[in-house]
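K.L.:
Here it is, the structure in full.
Residue numbers (the working numbering): 126 to 542.
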């Protein structure tokens, strides 16, 4: 098999999965909003997916190390096919109440947490090492395809909801994408594993990941910053933008206007960064990009900016944020020892995503008092969070490119199951 086939397989699988998930991210809140009329219930369903997702990320690393990233990824995607596919089928038969929908969404979140950690934490760094591609460039490639999938999914979701006449029908496409991903990963993604991965007890493995996080100030700082920004981003996309689209546009097409312009800017910025990544200073791009892409969008929506201004801001925000995720990924993969990747990435993702259920609930609660108020409060909080990288010298360690840590010489390589 070609040495770049595993990386290519992961890229294709992740892109298809994100395409479907992005459409679901728009269709599901809209479904709840139009059927219940409640911003709080919309936030509740969003939180129901994220709590199990966070738990799976936090606790799944040692399990993935033991069972194998490839096997976990395939099983999680196959089960997601049936769980997500059940939502439109039950909705069409009139048997999908809010409690059952919340349960299905929670199970889907749990499965996605295991699948994402397996792909990102266990398989991706090994696939990159096998391919010979430089890490920052590989991370940029992954982020670029993800942005493109998000852009296309965001643009398609609104018109598809209108065309199909029911937001639930869009979820069928997401279910199909999970099935295709399972096949691609099963056939193409064969990467080296460690022979001694099953020897370490679960508790010891989990504590090892926690110990590393406590000892690396930069990684810990990045994760805590993402805790706040992800919380606010989730409230923005899952609750506040649908509210804004309903109140101002009167159609889900407004959601695509916000997400589509941002996604287009991010894709264009990512293309440029993919060529310049190894040469540019990471800290400056990260700090300034996050500052520009974070708070301004909240204020533009809150103060009634016209549609053209929102599109322009979305493009600028996308360009600014394009370097942030690749830099985050490269720093994590370069600094964390290979044998700790799955558990540290899982724990890090759990902390970074832990605020997201709260973000959906908080935005739903604030939205009951007015969309404008919710946008201003969240925007000010985002502004404070994105000032953090300008405070403290340890943030500038992003510009250091340490050699990847190596495994003990006694470890041999196997194909991950």
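Beta carbons: idealized from backbone N, C-alpha and C, even for Gly.
Are the beta-carbon atoms belonging to residue 170 and residue 226 less than 9 Å from one another?
P.N.:
Numbered from 1 along the chain shown, position 45 holds the residue referred to as residue 170. Numbered from 1 along the chain shown, position 101 holds the residue referred to as residue 226. In contact: residue 170 and residue 226 (Cβ atoms closer than 9 Å).
K.L.:
Which class does residue 244 belong to by DSSP, given the choice of helix, strand or coil?
P.N.:
Taking the first residue of the chain shown as position 1, residue 244 is located at position 119. It is helical.
K.L.:
Among 498, 485, 458, 154, whose alpha-carbon lies nearest the alpha-carbon of residue 291?
P.N.:
Numbered from 1 along the chain shown, position 166 holds the residue referred to as residue 291. Measuring from the Cα of residue 291, the nearest candidate turns out to be 154.
K.L.:
Helix, strand or coil: how does DSSP classify residue 313 here?
P.N.:
Position 188 of the chain shown, counted from the first residue, corresponds to residue 313. If DSSP states are grouped into helix, strand and coil, residue 313 belongs with the helices.
K.L.:
Excluding sequence positions up to five away, which residues of its chain have a Cβ less than 8 Å from the Cβ of residue 222?
P.N.:
The residue you call residue 222 lines up with position 97 of the chain shown. If we look at residue 222 and ignore the five residues flanking it on each side, it has no Cβ neighbours.
K.L.:
Using a threshold of 9 Å, state whether the C-beta atoms of residue 508 and residue 448 are closer than that.
P.N.:
Locating residue 508 in the chain shown gives position 383, counting from the first residue. Locating residue 448 in the chain shown gives position 323, counting from the first residue. No.
K.L.:
Taking all protein chains shown into account, decide if residue 369 is buried (16 or more other Cβ within 10 angstroms of its Cβ) or exposed.
P.N.:
Taking the chain shown and counting its residues from 1, one reaches residue 369 at position 244. Burial call: buried.
K.L.:
Report buried or exposed for residue 428, applying the criterion of at least 16 other Cβ atoms within 10 angstroms of its Cβ.
P.N.:
Start at 1 with the first residue of the chain shown, and residue 428 comes out as number 303. Exposed is the call here.
K.L.:
Please identify the residue among 430, 249, 149 whose C-alpha is closest to the C-alpha of residue 133.
P.N.:
In the chain shown, the residue the question calls residue 133 occupies position 8. For the residues 430, 249, 149, the minimum Cα distance to residue 133 belongs to 249.
K.L.:
Would the region 381-400 count as touching the region 484-503 if we require 3 or more Cβ pairs under 8 Å?
P.N.:
The region 381-400 vs the region 484-503: no contact.
K.L.:
Could you name each continuous alpha helix (DSSP H) segment of 4 residues or more that falls completely within the region 434-475, going from the start of the chain to the end?
P.N.:
449-460
K.L.:
For residue 472, which residues of its own chain have a beta-carbon under 7 Å away from its beta-carbon, when the five flanking residues on both sides are left out?
P.N.:
If you number the chain shown from 1, residue 472 lands on position 347. Excluding sequence neighbours, residue 472 sits near 183, 186, 334, 335, 338.
K.L.:
On a CA-only basis, which of 440, 468, 407 is nearest residue 332? Give me that one, please.
P.N.:
As a working mapping, residue 332 is identified with position 207 in the chain shown. Out of 440, 468, 407, 468 has the C-alpha closest to the C-alpha of residue 332.
K.L.:
On the criterion of 16 or more Cβ atoms from any shown chain inside 10 Å, does residue 287 qualify as buried, or is it exposed?
P.N.:
Translated into positions along the chain shown, residue 287 becomes position 162. Classification for residue 287: exposed.
K.L.:
Give the straight-line distance between the Cα atoms of residue 420 and residue 254, rounded to the nearest whole angstrom.
P.N.:
One-based indexing of the chain shown puts residue 420 at position 295. One-based indexing of the chain shown puts residue 254 at position 129. So the alpha carbons of these two residues sit roughly 36 Å apart.
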